[in-house]
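Have a look at the structure below before the remarks.
2 protein chains.
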Amino acid sequence: MQDKLMLMIPGPTPVPERVLLAMAKHPIGHRSGDFSKIIGELNEDLKWLHQTKNEVLTLCASGTGAMEAGIINFLSKGDRVLVGNNGKFGERWAILSRAFGLEVEEISAEWGKQLDPEDFRAKLEEDTEKKIKAVIITHSETSTGVLNDLETINKHVKAHGEALIIVDAVTSLGAVNVPIDEWGLDVVGSGSQKGYMIPPGLGFVAVSDKAWEAYKTATLPKFYLDLAPYKKANAKNSSPFTPPINLMYALKASLEMMKEEGLQNIFDRHKRLTHICREGVKALGLPLYASDEIAALAITAVIPDKHDAEQIRSIMRKKYDIALAGGQDHLSGKIFRMGHLGFVSERDVLSALGALKETLAQLA
Amino acid sequence: MQDKLMLMIPGPTPVPERVLLAMAKHPIGHRSGDFSKIIGELNEDLKWLHQTKNEVLTLCASGTGAMEAGIINFLSKGDRVLVGNNGKFGERWAILSRAFGLEVEEISAEWGKQLDPEDFRAKLEEDTEKKIKAVIITHSETSTGVLNDLETINKHVKAHGEALIIVDAVTSLGAVNVPIDEWGLDVVGSGSQKGYMIPPGLGFVAVSDKAWEAYKTATLPKFYLDLAPYKKANAKNSSPFTPPINLMYALKASLEMMKEEGLQNIFDRHKRLTHICREGVKALGLPLYASDEIAALAITAVIPDKHDAEQIRSIMRKKYDIALAGGQDHLSGKIFRMGHLGFVSERDVLSALGALKETLAQLA
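So the sequences go chain by chain: A and B.
Each residue of the first sequence is one higher than the one before, starting from 102 at the first, in the working numbering.
Each residue of the second sequence is one higher than the one before, starting from 102 at the first, in the working numbering.
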């Protein structure tokens, strides 16, 4: 049915009407006092969402652009980095790091399993010369629905003392607790079309004092993604380049909604939605790709069992106006993924489960 | 008066209601067939606007991000480049090029004057060893309201044979004729909040076959702004990373409006608006910063004569709800700039001139 689509993919996520209408306002000048006031308010609200006292920098870029900024600003060619790889996004940060001449050692786990914190402990303890300059981790692996044990891995990084921890929190921020200052995370990247409940186009990077220290000696070339001008502009409630004004209107509206709901309530809701989704899928007799203990709170990856994943997605889309995500790379056709991230209520998950039940009945 | 602001700055430019409402639609999945169809249509319309048969690549970035992509994809560290510098943006491309280790030779002119094509001819003719790999030119210098003689400079680049011509057309594309294929321009960068009539957040790069040849041996590190994955995805009506979906809805609406108006009519309108603005300012007794023959069609820079530029801007803003731009860097307080780019009609320019007349009367 036209214009009736319900998004249950890991991003873009559903956008509240209040946010869509805020975005449709006419832009004002980004160098005006009125817009400076908006930037100032956004900066405060972003610190609240990120649970940090440090700046959160807003870029006109996708989550990948934000992660690139989070990596290239603090490292130099030839620097040794450990990259956790247990899915499509972990793999991407390894490829990106190699593109910039970093010496990458991948710490891998099978897709659908968690990274083993012990692997990180071993590599970091071995490194008595402190050659490892950063550990790059995907917190919530969107391709498989696995939440990595960031807290434990980070403890091993802290014990190492030298390495920065750089976190892809693209589908965890605003869904699960990522207490940046409490844990001492150095760099945390995220993107707008996820827990933020706004359309794609904004990337965010939270940066610790330790990372800014590393910035001083980092020599990878950069300009558009050089974070120092963003920091400098941030302090004056400004931006180094023209910011995506209307997406920032949207961000303002969504952060207001998030503050009204409260951080703990948001995390609880995502936990509840994940539980309902997983139990519902199990009740329909379909196996889950990741086990309960390591499940991401953004998406649930489902093995379609004797059915064709793409056929299920097609019926869900055409008959029930529900968009599910497919599997990526070698998981294409082998899993489908149900998103429950951002502006999603229990009703949405129940609708999707109801439609999935009908879909399976038609395929039986 | 609240929500009554009229933008007459060089960007963001006014956005038509049709575009704002298109942008406020709920996002759909960027990997869906429906969105692929939109990308396909956009790609065709962008070729029309750029007067090229080659791909025009759409990035989630500001105009500066688009220009960075247009430079770093086709060059290697140590490559010699000529950069035209007669304003804030020419200066920026020199700084950017140096940040990436290019060997920059600036060809400068005083702010408010045109770059001299003869300077380029001389440097290019001298270079018998063909060491110059690119000539980087700002077509319409937004900081001063000067249109550089791209056509002539490009002829000298073509006579050289080896160098690429890389053009910042951020405030010329969609305002003045930039016939990319006819002139044989290699790389042309632009941004959405200008002639495109949509909010900021999209950058565009048109790339020639010759530039793609240069890409093959270019070694500057890149990932998010690596244009090859964009080209590959483009061919499949897709994108390498999550695109700013709602801004692309906006782009679709604005390109439809531009096609309805017609390219020549758009160029004629900008010429007419520039003429009206300049004659109107002269009639009010204020000197123009750039002379008529070299005037940009996007903005008109005005010397406030015995008045204070910032005071004029303040009254225009507070009393008449018209936002004008100030001067940048050493021109701060010394000029103000009236934008007439994009979704601007004769009525708007007449309104601004009327308000300017009243403002001057109050200051007399």
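For each residue, glycine too, the CB sits at the ideal point set by N, CA and C.
Neighbours of A:A200 in chain B, taken as residues at a C-beta separation under 9 Å, are given in chain order as P322, K323, F324 and D327. Between the alpha carbons of B:L432 and B:V403 lies a distance of about 11 Å. The stretch 263-274 of chain B makes no contact with the stretch 409-429 of chain B: fewer than 3 CB pairs, one atom from each, lie closer than 8 Å. Residue pairing of B:G440 in beta bridges, as defined by DSSP: B:I400. Boundaries of the alpha helix (DSSP H) harbouring B:D135: G134 to H151, taken from the DSSP string. Judged by their CB atoms, A:A167 and A:G290 are nearer to each other than the 8 Å cut-off.
The C-beta distance from A:L286 to A:S293 rounds to 20 Å, too long to meet the 8 Å contact threshold. Within chain B, the C-beta atoms nearer than 9 Å to that of A:M124 come from L121, M124, A125, P300 and N347, in chain order.
When 9 Å is used as the limit between beta carbons, B:I129 is near these residues of chain A: L106, L108, P113 and A424, in chain order.
Setting aside the 5 residues that flank it on each side, B:E283 is surrounded in the same chain by Q152, each with a C-beta closer than 8 Å to its C-beta; the list follows chain order. Put simply, the backbone Cα of A:G381 is about 13 Å away from that of A:L461. Nearest C-alpha to B:K333 among B:A315, B:D369, B:S392 and B:T159: B:T159.
With a beta-carbon spacing of about 7 Å, A:R379 and A:A396 fall inside the 8 Å limit used to define contacts. Nearest Cα to B:I237 within the set B:G443, B:R370 and B:F190: B:F190. By the Cβ neighbour-count rule, A:M102 is exposed, with fewer than 16 other Cβ atoms within 10 Å of its own. Per DSSP, reduced to three states, the secondary structure at A:K372 is helical. Taking 8 Å as the cut-off, the beta carbon of B:A123 is found closer than this to the beta carbon of B:K353. Taking all protein chains in view, the Cβ of A:N366 is surrounded by fewer than 16 other Cβ atoms within 10 Å, so the residue is classified as exposed. Using a Cβ-Cβ cut-off of 9 Å, B:C378 is close to nothing in chain A; its nearest Cβ partner there is about 18 Å away. Residue contact check for B:S133 against chain A: a CB pair falls below 8 Å. Listed along the chain, the chain B residues whose CB falls inside 7 Å of the CB of A:P344 are P301. Counting every other CB atom within 10 Å of its CB across the protein chains shown gives B:K138 a total below 16, marking it as exposed.
In terms of Cβ geometry, A:T239 and A:L442 do not form a close pair [threshold 8 Å]. Runs of the alpha helix (DSSP H) lying entirely within the stretch 290-346 of chain A and spanning at least 4 residues, in chain order: 310-316 and 328-336. Under the 8 Å criterion on CB atoms, B:S137 is classed as non-interfacial with respect to chain A. Residue ranges of uninterrupted beta strand (DSSP E) with 3 or more members, entirely inside the stretch 194-279 of chain A and ordered along the chain, are 204-209, 233-239 and 265-269. Cβ proximity to chain B below 8 Å picks out C161, A162, S163, G164 and T165 from the stretch 149-165 of chain A. B:D406 places its beta carbon 8 Å or farther from that of B:N174.
Residues of the stretch 204-218 of chain A with a C-beta less than 9 Å from any C-beta of chain B: none at all. Under a 10 Å Cβ-count criterion, B:Q463 is classified as exposed, with fewer than 16 other Cβ atoms of the shown protein chains found around its own Cβ. For A:M109, the enclosing beta strand (DSSP E) begins and ends at M107 to M109. Those residues of the stretch 270-296 of chain B placed with their C-beta closer than 8 Å to a C-beta in chain A are G292 and Q294, ordered along the chain. The beta-carbon of A:E169 is placed less than 8 Å from the nearest beta-carbon of chain B. The alpha helix (DSSP H) runs lying completely inside the stretch 403-433 of chain A and spanning 4 residues or more are 410-421, given in chain order.
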